[in-house]
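**Q**
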Amino acid sequence: MKTKSTKINTQLLVVFLGIIFVSFNLRAPITSVGPVIDLIQEQYKLNSSMAGFITTLPLLAFAIFSPIVAKINHKFGHGKTMFAGLILIILGLILRSYLQVFGLFAGTIFTGIGIAIGNVLIPSVIKHKFKKNAGSVISIYITSMCIFAAIGSGVSIPITNMYDWNTSLAIWVVLAFIALLVWLPQLKKSQNYNNSDDIKTQEQMIRKSIWKSSLAWWVTLYMGTQSLIFYTLIAWMPSILIFKGFDSHFAGMMLLVFQLVGLPATLMIPIIAGKMKNQRLIATLISLIYLIGMIIFLYAQTSFVIIVSMIFLGLGMGGAISLAIGFITQRTPHAKKAAELSGMSQSAGYFLAAFGPLVLGFIYDVSKSWTTALIVLIIAIGLLTIFGLKAGKDELTYH
1 MKTKSTKINT QLLVVFLGII FVSFNLRAPI TSVGPVIDLI QEQYKLNSSM AGFITTLPLL
61 AFAIFSPIVA KINHKFGHGK TMFAGLILII LGLILRSYLQ VFGLFAGTIF TGIGIAIGNV
121 LIPSVIKHKF KKNAGSVISI YITSMCIFAA IGSGVSIPIT NMYDWNTSLA IWVVLAFIAL
181 LVWLPQLKKS QNYNNSDDIK TQEQMIRKSI WKSSLAWWVT LYMGTQSLIF YTLIAWMPSI
241 LIFKGFDSHF AGMMLLVFQL VGLPATLMIP IIAGKMKNQR LIATLISLIY LIGMIIFLYA
301 QTSFVIIVSM IFLGLGMGGA ISLAIGFITQ RTPHAKKAAE LSGMSQSAGY FLAAFGPLVL
361 GFIYDVSKSW TTALIVLIIA IGLLTIFGLK AGKDELTYH
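In the UniProt record's numbering, the protein residues as written are 1 to 399.
1. Can you tell me which of I171, S227, I142 and K75 puts its alpha carbon nearest to the alpha carbon of S156?
2. Which first and last residues belong to the alpha helix (DSSP H) in which D38 is found?
3. Does the beta-carbon distance from S23 to M223 come in below 7 angstroms?
4. So, under 8 angstroms CB-CB, T81 and L93 are touching, yes? Tell me the CB distance rounded to an integer number of Å.
5. Among V33, A320 and G343, which one has its Cα closest to the Cα of I151?
6. Going along the chain, which residues of its own chain have a beta-carbon closer than 6 angstroms to the beta-carbon of L39, five neighbours each way excluded?
7. What residue range does the alpha helix (DSSP H) around T266 cover?
8. Expressed to the nearest angstrom, what Euclidean distance is found between the alpha-carbon atoms of P185 and G252?
9. Go through its chain and collect everything with a Cβ distance to N195's Cβ below 8 angstroms, but skip five positions before and after it.
10. Does DSSP put L56 in a helix, a strand or coil?
11. If you reduce the DSSP assignment to three classes, tell me which class D247 lands in.
12. Check whether the Cβ atoms of A338 and S124 sit closer than 7 angstroms, and answer yes or no.
13. Among L12, T31, Y364 and G18, whose alpha-carbon lies nearest the alpha-carbon of S49?
14. Might you give, ordered along the chain, the residues of its own chain that have their beta carbon closer than 8 angstroms to the beta carbon of I20, omitting 5 neighbours on each side?
15. Around the Cβ of P158, are there at least 16 other Cβ atoms within 10 angstroms (buried) or fewer (exposed)?
16. Just tell me which of L352, V308 and G314 has its CA closest to the CA of T225.
17. Rounded C-beta distance between L104 and Y44? I'm assuming under 8 angstroms.
18. Would you mind sorting S66 into buried or exposed? The rule is 16 or more other CB atoms within 10 Å of its CB.
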């Protein structure tokens, strides 16, 4: 007969596995597009601005639906809400891959909505279920997400060479379906967070909107700026490298290297940051590494220098994304407020990020050069530093 402790540990393990398998699907459907964007452009006769819009659409979906997710979750619970999100991802991937231009854009929107649900819910589920080990679980969650983001970039060209670009994008349906099965046990235990969170604290918070918190806005700006840089690089890095004279195989491999190099940072930063009184110093170091990588990438002309730039860019990217998600749990008193901050930061933040691929694609269309576009990203890293210093304060959002 199972003891109460054993039963609780088993339940936590099931939740943990669900979180990990969901994380596999929160970046790969997006990162898999960049390496084949030129082929999509060619087949559907799209200009660079419209091609950039393919990457922008998921971010707009994040921006529009993220604040709604917290309300849906409060009504139906995280189990049913995330299950619906995975169904949307599956539907979107099928539409995107096989229903021509309409399906490409409609499917991208559905996939973006499904991913938005995961983006918002998972940090708050971690805050709720793994209070004492939130930093460690977040680090594993982000690392898993980034591993499959890298795989998404790395396998697109090989699968395209074997079959076609449609198959390289559709293959992620398999992983989403597996995640759906692993998440099934959560449907029986779906709940909101009111039962076990600090009720008194929630009552104090009820009249205080997260959107009126200046600290929440600094977290949001940090989330948005790091997302803008990341998704812009994911969308256009292969095209920039091809513009510099490298072939598509090398460009796809560098996108893979960029993401793989960031894995140590995504694994360690949440743990280190969680033990610090504030995160100002670590936010500054992350931005400095990012800046060095971007400057090297701007002037790089040889494969060796490109690889060096990928190392710095990858470490900066991994550190920034993990710190941004870590802020959601570090700057909130309980899971309900974490869900609200997660919704806010990923709504307003991704609305900001959505302009990145679109604007830089437009800049290239006008200037026929990527130099100006990369300078814009260097400025964005400067702003990231400022936002990190503000969001890294040792405060909670209800102060």
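For each residue, glycine too, the CB sits at the ideal point set by N, CA and C.
**A** By the coordinates alone:
1. I171
2. I37 to Y44
3. no
4. T81 to L93, Cβ: 19 angstroms. No contact.
5. V33
6. W165
7. L263 to G274
8. 37 angstroms
9. Residue placement at N195 cannot be trusted, given a pLDDT of 43 that sits under 50; the coordinates are not used to answer.
10. Sequence check: residue 56 is Thr here, not Leu. Helix, per DSSP.
11. coil
12. yes
13. Y364
14. I140, Y141 and S144
15. exposed
16. L352
17. 7 angstroms
18. buried
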